[in-house]
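Protein chains in written order, with our numbering: chain A, 1 to 483; chain B, 1001 to 1506.
What follows is the structure, given as structure tokens:
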């Protein structure tokens, strides 16, 4: 078997194996035949483990290979020929074709191995942590979905395919935030994350389409002059590069909880600790940084885009580090600390320190995952250390905190507790006006329907409006205790 | 193959007659279900035959009537073939999985008749015939609403439905008359026949376009002619609501009749139709956002998505047309699943009011999964057919019509937020009120339908190429009509900066 064939199989296995766990579990869950804890965990661990081994094998092949590997798996759909258009440079004429290509280079190979290893370790940790938890099956199903989504996102050879993985990771993330679904808090936090994802993911979609139109392909290798990361470059005009970069930054803001939409992340800690560790300490929170690193040629092609990235990074780091200091629970503190570091990584992208940022990201992902996995024991650990050292609690303020006047410190503390009113501003400027408009339109609609029919649509639906054959209804309608 | 298309159109009506004569309610339902499954199998086989040979055309014709010069002319081709399984699947899904309260003898009959009328519209190649099926297709809902007991909401809604019925039917009758008379005057042997080569005299084009547009805007529930459909989905008969929303007769009318019949007027005015549809989609997506009733929210989201189909048609490039056609299939399947899911919740909890729902996932995990997966399918999650459709629409619009593309994205985002918000509200959080222990989660026939719908959405989302190939010839012809150009294969042979391809929306 040649290296290229082996790489093709390993690439396919890395991406497909997690879904080989997802699909049967989804089916079994759907028909109400959930397997036991042991079978569920074993299926996910074995298949995600094999996926991780494939990722390691793929990375080894890439190391042995001179230059990036482009693995082609055909297309999902194809509207027409594009070879001629690309050959003649008539990019607008290129018929749209959704290609399933994987790109293995320094960035993707590193991220793929990191994703596989961290996910597998977290899954292994979760087997005991979530033992006898009612949502055990759901947790492992969503974890496998996340692993598959992350592998697609990091190995994708185009923005189109990256979007697929990006969305799948987002869906699993959202559902795991709401893991304890009987409580209102997790449901609200998941809604919040969902809103942010849903709005900002549009940026990635738009960027892919624009790159396809401007460069003739949304594939990284084609669009970035067939050069390996991080030496890849683009010859797009600065203005076009800025538009695409701005869309990508918008997408990264949502996924990596950057300024000004990052307040969903601390709330996302409502989910189980292992998933919080993997998603918001390890992988998902770094997906935005990965996206910016992958899009480095576009950002570098536009000064305005570089300034934008730097601004977002600096603002994120400042906001998160100040806000994080006012939090008293360990998971929130770690969440803000994570966002602070992610902000610094974004600044690194603007400074074109690509290899440094990649190394930084790998180290940070590993450290935070470990810290968050240990978070439930943090209090115990701290007490144990204090007891061992017989330490008395003294003034543990930082130098900056001691130097800042008390009035300013109090004001800053209040602002930090409120996340500098970022949520309030978004709510006042966007959410409330949109909801007010929605309610006004709905009221007008209800009045119009009432005028035509005499029906008050505001009245709750009652069973008596519907049944034709109540006596034969196959589901008893009795509902007790409803208000 | 003579008589095949006639048989395909006639079978649902025959089944409706048999159901009428059945000895009992349960027998009528059994007959309806058996027929719907058999019919779905039959039309699926036909669709597969067309997938293997997209250039195939099967037609049934009779001699023209002496005075009218109209004839029985039915035809199946690459455009209509995929719609038949959609209509049949909706009928089968409703008859198999709707709550029993929605499946009395009259309901089964009306679903079968509405299915037959939809198939009739897909296959009719004579305008008189097409208009007859179009109008007849509205009758079952009218009858169902009028037959509802006095003082119920459905009975009151009949008034509204009647008004829109008339509003949508008169223009199509007038359009058929204008086409017939004008072409007869121009010397056409078969003035009502869509295959008649005699064009409509130039002066009549705008009138025909306006009249047909009025009819299709009403049928597509585009604002300000939209109010009937969300209410129909919210409070109307489940089966007829899904059939009305999911069969896309209005979009089909645009593709089959409007563009080929009046290409000049379509070139000029179709973009304006798209603008109206876009405004409607935004409006309805906004209205959906603040709904407090699960069913009403689904109604507005569905209506909003329906309008997006017209937006894609107005883009007129191959990507837009392919995207719109895939969007039609997506809406058909998703609306079937979502409306059924809401009906299941309603049947089990006696309400769809979000203020009284919460924590349903604990009691009905399978319904929760189904609703969530359908929600993802409706908002274009990867791996679903809506994802392919929205991707194509975006490619058709983004560069040359950034404002339209932005509005389209806003609609998909708003609809996504609405669907996921109502999901979290209804299924997550603390359970409100105790549900009787005897009330079960999805029953086998319900989950079979639910997962069949999800499987169809996923299969078409992962492998949409066969559908694209099936419609390539039709799309090629439509693009040619709308741009006045020769030989367009996808967008592959169009010139790169060619504004005629993309400048359809002003």
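Every residue gets a Cβ at the ideal spot worked out from N, C-alpha and C, and that includes glycine.
How big is the Cα-Cα spacing for residue 1495 of chain B and residue 1269 of chain B? Within the second chain, the letter at position 495 stands for residue 1495 of chain B. Within the second chain, the letter at position 269 stands for residue 1269 of chain B. Residue placement at residue 1495 of chain B is flagged as unreliable, the pLDDT there being 36, under the threshold of 50; a coordinate-derived value is accordingly withheld.
Run down chain B in chain order and give the residues with a C-beta less than 7 Å from the C-beta of residue 455 of chain A. In the first chain, counting from the first residue as 1, residue 455 of chain A sits at position 455. Simply 1153, 1156, 1157.
Are the C-beta atoms of residue 164 of chain A and some chain B residue less than 7 Å apart? Numbered from its first residue, the first chain carries residue 164 of chain A at position 164. At least one chain B Cβ lies under 7 Å of residue 164 of chain A.
Which residue marks the beginning of the alpha helix (DSSP H) containing residue 453 of chain A, and which one marks its end? Numbered from its first residue, the first chain carries residue 453 of chain A at position 453. From DSSP, the alpha helix (DSSP H) with residue 453 of chain A extends over 432–453.
Determine, using beta carbons only, whether residue 1140 of chain B comes closer than 7 Å to chain A. As a working note, residue 1140 of chain B is residue 140 in the second chain. No, residue 1140 of chain B does not count as interfacial toward chain A.
Quick check: the region 1139–1159 of chain B against the region 1108–1115 of chain B, are at least 3 beta-carbon pairs closer than 8 Å? The count of Cβ pairs closer than 8 Å, one atom from the region 1108–1115 of chain B and one from the region 1139–1159 of chain B, reaches three, so the stretches are in contact.
Any beta carbon from chain B within less than 7 Å of residue 77 of chain A's own beta carbon? Counting from one through the first chain, the residue named residue 77 of chain A turns up at place 77. Chain B contact via Cβ: present.
Examine chain A for any beta-carbon lying closer than 7 Å to the beta-carbon of residue 1382 of chain B, and answer yes or no. Here residue 1382 of chain B refers to the residue found at position 382 of the second chain. So, interface residue.
Per DSSP, which residues does residue 77 of chain A bridge with? Please list them. Here residue 77 of chain A refers to the residue found at position 77 when the first chain is read from its first residue. Note: residue 77 of chain A sits in a beta bridge opposite A:98.
Shorter than 6 Å, the distance from the beta carbon of residue 255 of chain A to the closest heavy atom of the ligand NAP, or not? Looking for the ligand NAP in the displayed structure turns up nothing, as the structure carries no ligands at all.
What ranges does the beta strand (DSSP E) occupy inside the region 139–176 of chain A, keeping only unbroken runs of at least 3 residues that lie completely in it? You should have found no qualifying run.
Give me the chain A residues within the contact set of residue 1417 of chain B, using Cβ-Cβ distance strictly less than 7 Å, ordered along the chain. Mapped onto the second chain, residue 1417 of chain B falls at position 417. Correct list: 195, 198.
Could you tell me if residue 231 of chain A is buried or exposed, where buried requires 16 or more neighbouring beta carbons within 10 angstroms of its beta carbon? Within the first chain, numbered from 1, the residue matching residue 231 of chain A stands at position 231. Under the 10 Å beta carbon count, residue 231 of chain A is surrounded by fewer than 16 other beta carbons and is classified as exposed.
Are three or more beta carbon pairs between the region 1011–1029 of chain B and the region 1426–1446 of chain B nearer than 8 Å? The count of Cβ pairs closer than 8 Å, one atom from the region 1011–1029 of chain B and one from the region 1426–1446 of chain B, stays below three, leaving the stretches out of contact.
Can you check DSSP and say which residues form a bridge with residue 1126 of chain B? Here residue 1126 of chain B is taken as the residue at index 126 of the second chain, counted from 1. Answer is B:1193, bridged to residue 1126 of chain B.
Mapping the DSSP letters down to three states, classify residue 1057 of chain B as helix, strand or coil. The count along the second chain starts at 1 and reaches residue 1057 of chain B at position 57. In the displayed model, residue 1057 of chain B falls within coil according to three-state DSSP, outside both helix and strand.
C-alpha gap between residue 1502 of chain B and residue 1315 of chain B, whole angstroms: As a first step, residue 1502 of chain B is located in the second chain; it is residue number 502 there, counting from the start. As a first step, residue 1315 of chain B is located in the second chain; it is residue number 315 there, counting from the start. Here residue 1502 of chain B scores only 36 on pLDDT, less than 50, and its place in the model should not be relied on; the value that follows carries that caveat. The alpha-carbon atoms of residue 1502 of chain B and residue 1315 of chain B are separated by roughly 6 Å.
Rounded Cβ spacing between residue 1226 of chain B and residue 1284 of chain B (contact assumed at less than 8 Å): Locating residue 1226 of chain B in the second chain gives position 226, counting from the first residue. Locating residue 1284 of chain B in the second chain gives position 284, counting from the first residue. Right, their Cβ atoms sit about 7 Å apart.
Closer than 8 Å by C-beta to residue 1162 of chain B: which residues in its own chain qualify, once you throw out the five before and the five after it? Chain order, please. In the second chain, counting from the first residue as 1, residue 1162 of chain B sits at position 162. Around residue 1162 of chain B, the same chain offers 1142 as residues with beta carbons nearer than 8 Å, after the five sequence neighbours per side are excluded.
Are the C-beta atoms of residue 442 of chain A and some chain B residue less than 7 Å apart? To locate residue 442 of chain A, count along the first chain from 1; it is residue 442. It does; some Cβ of chain B falls within 7 Å.
Can the beta-carbon of residue 990 of chain B be found closer than 7 Å to that of residue 1032 of chain B? The shown model of chain B, from 1001 to 1506, leaves out residue 990 of chain B, and the question about it has no answer.
Go through its chain and collect everything with a Cβ distance to residue 47 of chain A's Cβ below 8 Å, but skip five positions before and after it. The sequence position of residue 47 of chain A within the first chain is 47, counting from 1. So the qualifying residues of the chain are 17, 18, 20, 21, 144.
Bounding residues of the beta strand (DSSP E) (the contiguous stretch that carries residue 1074 of chain B): As a working note, residue 1074 of chain B is residue 74 in the second chain. Residue 1074 of chain B -> beta strand (DSSP E) spans 1073–1076.
To the nearest angstrom, how far is the alpha carbon of residue 1291 of chain B from that of residue 1391 of chain B? What you label residue 1291 of chain B is simply residue 291 of the second chain in a count that begins at 1. What you label residue 1391 of chain B is simply residue 391 of the second chain in a count that begins at 1. Their backbone Cα atoms lie some 28 Å apart in a straight line.
Nearest candidate by alpha-carbon position, reference residue 1421 of chain B, set A:279, A:174, A:402, A:450: For the purposes of this step, residue 1421 of chain B is taken as the residue at position 421 of the second chain. Among A:279, A:174, A:402, A:450, the Cα nearest to that of residue 1421 of chain B is on A:174.
Using beta carbons (cut-off 7 Å, strictly below), is residue 448 of chain A in contact with chain B? As a working note, residue 448 of chain A is residue 448 in the first chain. By the rule that beta-carbons nearer than 7 Å mark a contact, residue 448 of chain A touches chain B.
Can you check DSSP and say which residues form a bridge with residue 1353 of chain B? Mapped onto the second chain, residue 1353 of chain B falls at position 353. B:1293, per the DSSP bridge assignment.
Sorted by chain position, which residues of the same chain lie with C-beta nearer than 6 Å to residue 371 of chain A's C-beta, five sequence neighbours on each side aside? By 1-based counting over the first chain, the position of residue 371 of chain A is 371. Cβ within range, chain order: 334.
C-alpha gap between residue 1380 of chain B and residue 163 of chain A, whole angstroms: For the purposes of this step, residue 1380 of chain B is taken as the residue at position 380 of the second chain. For the purposes of this step, residue 163 of chain A is taken as the residue at position 163 of the first chain. One C-alpha to the other measures close to 12 Å.
Please report the residue range of the alpha helix (DSSP H) in which residue 1414 of chain B lies. By one-based count along the second chain, residue 1414 of chain B stands at place 414. Segment 1402–1427, the alpha helix (DSSP H) holding residue 1414 of chain B.
Given that residue 1330 of chain B touches chain A, what residues does it touch there, using C-beta distances under 8 Å? Looking up residue 1330 of chain B in the second chain gives position 330. For a Cβ distance threshold of 8 Å, nothing in chain A lies close to residue 1330 of chain B: the least Cβ distance comes to about 14 Å.
Delimiting residues of the alpha helix (DSSP H) encompassing residue 1160 of chain B: The count along the second chain starts at 1 and reaches residue 1160 of chain B at position 160. Start and end: 1153–1185.
Short check: CB of residue 186 of chain A to CB of residue 270 of chain A, under 7 Å? By 1-based counting over the first chain, the position of residue 186 of chain A is 186. By 1-based counting over the first chain, the position of residue 270 of chain A is 270. The answer is yes: Cβ separation under 7 Å.
Contact list for the region 1305–1338 of chain B against chain A, Cβ threshold 8 Å: Result list: 1318, 1319, 1322.
Using the Cβ count rule (16 or more neighbours within 10 Å means buried), how would you classify residue 92 of chain A? Stepping through the first chain from its first residue, residue 92 of chain A is reached at position 92. Residue placement at residue 92 of chain A is poorly supported in this model, since its pLDDT is 45, which falls under 50; the coordinates still yield a value, given next. Buried, by the Cβ-count rule.
Exposed or buried, what is residue 1488 of chain B when buried is set at 16 or more other beta-carbons lying within 10 Å of its beta-carbon? Counted from its first residue, the second chain places residue 1488 of chain B at position 488. Per-residue confidence for residue 1488 of chain B stands at a pLDDT of 36, beneath the threshold of 50, marking its modelled position as unreliable; the derived number appears in the next sentence. Buried: at least 16 other Cβ atoms inside 10 Å.
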